[in-house]
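This report refers to the structure that appears directly beneath it.
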Amino acid sequence: MVDSKYCSESLVVKTSIVFPTDTNTYGTLFGGKLMAYIDDTAAIAAMRHARRHIVTASTDSVDFLHPIYEGNSVCLEAFVTYTGTSSMEVFVKVTAEDLLSGVKNLCALSFLTMVAIDEHGKPTAVPQVVPQTEEEVSLFESGKVRAEMRRNRKVETQELARKYKSK
Ligand SMILES: CC(C)(COP(=O)(O)OP(=O)(O)OC[C@H]1O[C@@H](n2cnc3c(N)ncnc32)[C@H](O)[C@@H]1OP(=O)(O)O)[C@@H](O)C(=O)NCCC(=O)NCCS
């Protein structure tokens, strides 16, 4: 396994057009559809980084900042920003474009954590990530705090799961 990789080596860019079958009753992209796109794009970025099978361990909150209308293009950019031992933080940025006017809006941002899995289904080590651009360095430097926040959140979720487990 290589020791380290640049963020740019995992970059995924996915652009598609919003069709009527992708929308809610209000004529904007269905939130669940966008979340599937986000997970899909992040998974490809993580597999490019690790060259391993991966699973989604968690998704941080997704705030829908701006509606994405039928007929818009929707572009997702994802890359690995921070790594632990087996986990990779992937940043996903979603931009919509009105294809007639050219106006673009930043519609959502999300961080997901993907974990590399070996042939026995166990977490396995991934290369470290090397940031280069200002944006990559900023995301890398803040990654440690977010990873700690997720560890704490998982403990809280496990406590809730114990409390509400089905009988
Ligand atoms: C994610 C999973 C592989 C973690 O396995 P585990 O036995 O808990 O392993 P560990 O506790 O050693 O964690 C492995 C790594 O994942 C990270 N991790 C585990 N749960 C996490 C969570 N909820 N959020 C973020 N990171 C998480 C750990 O911090 C650790 O990172 P590191 O190796 O970089 O230090 C396991 O919980 C799993 O398979 N979950 C289901 C995943 C899935 O099915 N996803 C699809 C959704 S349906």
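Residue numbering for the sequence shown is 1 to 167, as defined by the UniProt record's numbering.
We put the CB at the ideal spot given by N, CA and C, even for glycine.
The structure presented is a predicted model; accordingly, all values stated were derived computationally and were not measured.
Which residue wins for smallest C-alpha separation from residue i, given the options the options?
i           : options                           : result
GLU70       : ASP40, GLY121, THR28 and THR83    : THR28
THR95       : VAL103, THR85 and CYS107          : CYS107
MET1        : ALA161, VAL145, GLU159 and ALA125 : ALA125
VAL80       : PRO67, ASN72, SER58 and PHE91     : PHE91
GLY121      : VAL18, VAL55, ALA161 and LEU112   : VAL55
GLY84       : GLU141, GLU119, PHE64 and THR133  : GLU141
ALA50       : PHE111, SER10, LYS144 and GLU135  : SER10
ILE117      : ALA43, ASP39, SER138 and LEU99    : ALA43
ASN72       : LEU100, SER86, ASP39 and LEU65    : LEU100
residue 168 : GLU119, GLY143 and PRO123         : With the chain represented from 1 up to 167, any question about residue 168 goes unanswered, as that position is not in the structure.
PHE64       : ALA78, SER86 and LYS93            : LYS93
Quick check on residue i: buried or exposed, where buried means 16 or more other Cβ atoms within 10 Å of its Cβ?
i      : result
ARG52  : buried
LYS5   : buried
SER16  : exposed
ARG162 : exposed
GLU156 : exposed
SER110 : buried
SER61  : exposed
Within a Cβ cutoff of 6 Å, which residues of the same chain sit near residue i, ignoring the five residues on either side of it in sequence?
i     : result
LEU34 : none
ALA57 : THR113 and VAL115
LYS14 : THR41 and LEU76
Please go through the same chain and pick out, in chain order, the residues whose beta-carbon is closer than 8 Å to the beta-carbon of residue i, but skip the five residues on each side of it.
i      : result
VAL103 : GLU97
Open item on the list: Any residue with its Cβ nearer than 5 Å to a heavy atom of ligand 1 should be included. What is that list in chain order?
Closed with: Taking each Cβ in turn, the ones that pass are VAL55, THR56, ALA57, SER58, GLY84, THR85, SER86, SER87, THR113, VAL115, PRO123, ARG150 and LYS154.
- [ ] Write down every uninterrupted run of the beta strand (DSSP E) in the segment 42 to 120 whose length is 3 residues or greater and which is fully enclosed by it, in chain order.
- [x] Within the segment 42 to 120, the complete beta strand (DSSP E) runs of at least 3 residues are 53 to 59, 73 to 83, 87 to 97 and 104 to 117.
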